[in-house]
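Participant:
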Amino acid sequence: MAAFREHVTVSSLLGVGFAGTCAASGVKWSYAILGGILCGVGGMLPDLDSASGKPIRELFGLLAAVVPMMLIPKAHEWGLMPDEFVLAAVVIYFLIRFGASWFLRQLTVHRGMFHSLPAAFIAAEIAFLSYNASDVHGKLVMACGVMLGFLSHLILDEVYSVDIDGVKIHIKHSAGTALKFFSPHVLATATTWMIFLGLTGAICYEQGIVDVPAIAAHAEQAIAGAETETTQR
Numbered sequence: 012m013a014a015f016r017e018h019v020t021v022s023s024l025l026g027v028g029f030a031g032t033c034a035a036s037g038v039k040w041s042y043a044i045l046g047g048i049l050c051g052v053g054g055m056l057p058d059l060d061s062a063s064g065k066p067i068r069e070l071f072g073l074l075a076a077v078v079p080m081m082l083i084p085k086a087h088e089w090g091l092m093p094d095e096f097v098l099a100a101v102v103i104y105f106l107i108r109f110g111a112s113w114f115l116r117q118l119t120v121h122r123g124m125f126h127s128l129p130a131a132f133i134a135a136e137i138a139f140l141s142y143n144a145s146d147v148h149g150k151l152v153m154a155c156g157v158m159l160g161f162l163s164h165l166i167l168d169e170v171y172s173v174d175i176d177g178v179k180i181h182i183k184h185s186a187g188t189a190l191k192f193f194s195p196h197v198l199a200t201a202t203t204w205m206i207f208l209g210l211t212g213a214i215c216y217e218q219g220i221v222d223v224p225a226i227a228a229h230a231e232q233a234i235a236g237a238e239t240e241t242t243q244r
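For the working numbering, add 11 to where a residue sits in the sequence shown, where the first one is 1.
Set out below in structure tokens:
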């Protein structure tokens, strides 16, 4: 298994390449830079379930600082005054830095569903939904940056699970525990997939792919029609 520093180094280098590629492709420079930064951060996210204290301290310290900044564009949408948002940002910081990190340690095991492909999709979807941009391309850049960094972590773990000693190849017990869709823990697997499906639905609703009010109206009409037919009988 690769060390925390190696994961950060690889994802950060990928972030630089990702930002450069986006900028060269005509993506808005601010989107490109932020996407590259999120790629570097994404490489640390799977270690949120680490048994070691250092990755969790580093990650939650960073997340506690980044999340309030990502919510700044939503402050006006929520009708918050500047002083109210500052107070909310302080509360969010302490909740993430200390509360969420403690809670996560109680619920997770290392190399659980945090080290999985659906977790990478979830991280990308959260980035997509969190970034308040009218331009969907900006949201996609953020999501792709997070996913690229997340996947670099999983792939690096799988690479390190193969020990090559001369002509001998030894497969460690950790092989296959990162790039996976399911885990032996049914509840953890089911919860992860439910979160993924829920976020996918939220994105479809946000982008107008699924018209929830129309679906609800059709459902009500169908129920009313069924009740009327039953009454007539």
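C-beta atoms are modelled at their ideal positions from N, C-alpha and C, and glycine is treated no differently. It should be emphasised that the depicted structure is a prediction, and the values quoted were computed from it without experimental measurement.
State the Cα-Cα distance for the pair Leu206 and Leu91, rounded to the nearest angstrom.
Facilitator: For the record, residue 206 in the displayed sequence is Ile; it is not Leu. Whole-angstrom Cα-Cα distance: 28 Å.
Participant: Taking C-beta to C-beta, are Ser163 and Leu49 nearer than 9 Å?
Facilitator: No, Cβ-Cβ distance for Ser163 and Leu49 is not below 9 Å.
Participant: Between which residues of its own chain and Leu167 is the CB-CB distance below 8 Å, once the five residues before and five after are set aside?
Facilitator: These residues qualify, in order along the chain: Ala13, Glu17, His18, Val21.
Participant: On the DSSP letters alone, give me the boundaries of the alpha helix (DSSP H) that Ala43 sits inside.
Facilitator: Per DSSP, Ala43 belongs to the alpha helix (DSSP H) from 40–53.
Participant: Taking Met158 as the reference, give the member of Ala35, Leu56, Gly28 with the closest Cα.
Facilitator: Met158 has its Cα closest to that of Leu56, out of Ala35, Leu56, Gly28.
Participant: Given a cut-off of 9 Å, decide if Tyr142 and Ala154 are closer than it, judged by their beta-carbon atoms.
Facilitator: A contact, by the Cβ cut-off of 9 Å.
Participant: Is it true that the segment 78–93 meets the segment 205–220, where meeting means three or more beta-carbon pairs spaced less than 8 Å apart?
Facilitator: Because the criterion of three Cβ pairs below 8 Å is not met, the segment 78–93 and the segment 205–220 do not touch.
Participant: Measure the C-alpha to C-alpha separation of Met81 and Phe125 and round it to an integer number of angstroms.
Facilitator: So the two alpha carbons sit approximately 22 Å from each other.
Participant: Does DSSP put Val157 in a helix, a strand or coil?
Facilitator: Val157: helix per DSSP, three-state reduction.
Participant: List the endpoints of the continuous alpha helix (DSSP H) containing Met205.
Facilitator: Looking at the DSSP string, the run of the alpha helix (DSSP H) that includes Met205 is 197–217.
Participant: Compute the beta-carbon to beta-carbon distance between Leu210 and Ile137, rounded to the nearest angstrom, for a pair I have assumed lies under 8 Å.
Facilitator: That belief holds up - the Cβ atoms of Leu210 and Ile137 are roughly 7 Å apart, short of 8 Å.
Participant: Residues in the same chain with beta-carbon distance under 7 Å from Thr200, minus the five sequence neighbours each way, listed in chain order, please.
Facilitator: Correct list, in chain order: Met124, Phe193, Ser194.
Participant: Starting from Lys85, trace the alpha helix (DSSP H) in both directions and tell me its first and last residue.
Facilitator: Unbroken alpha helix (DSSP H) run through Lys85: 83–88.
Participant: Can you find the residues in the same chain that come closer than 6 Å, C-beta to C-beta, to Leu73, ignoring five residues on each side of it along the sequence?
Facilitator: Contacts found: none.
Participant: For chain E, find out if any of its Cβ atoms is closer than 9 Å to the Cβ of Gly37; answer yes or no.
Facilitator: Protein chain content of the structure displayed is limited to a single chain, and chain E is not contained in it.
Participant: Could you tell me the alpha carbon to alpha carbon distance between Val173 and Leu128, rounded to whole angstroms?
Facilitator: Looking at the two C-alpha atoms, the distance is approximately 20 Å.
Participant: For Ala134, count neighbouring C-beta atoms within 10 Å of its own C-beta (all shown protein chains included) and say buried if the count is 16 or more, exposed if not.
Facilitator: Answer is buried; the Cβ neighbour count reaches 16.
Participant: Which class does Ile166 belong to by DSSP, given the choice of helix, strand or coil?
Facilitator: Reduced to three states, the DSSP call for Ile166 is helix.
Participant: Given a cut-off of 9 Å, decide if Ile44 and Ala30 are closer than it, judged by their beta-carbon atoms.
Facilitator: Yes, the Cβ-Cβ distance between Ala30 and Ile44 is below 9 Å.
Participant: Could you spell out where the alpha helix (DSSP H) holding Pro93 opens and where it closes?
Facilitator: First-last of the alpha helix (DSSP H) with Pro93: 93–105.
Participant: Is DSSP giving Val221 helix, strand or coil here?
Facilitator: Note: Val221 maps to coil in three-state DSSP.
Participant: Report the rounded CA-to-CA distance for Tyr104 versus Gln232, giving the unit in angstroms.
Facilitator: Using only the alpha carbons, I get a separation of about 46 Å.
Participant: Name the two residues that bound the continuous alpha helix (DSSP H) containing Leu24.
Facilitator: Unbroken alpha helix (DSSP H) run through Leu24: 15–35.
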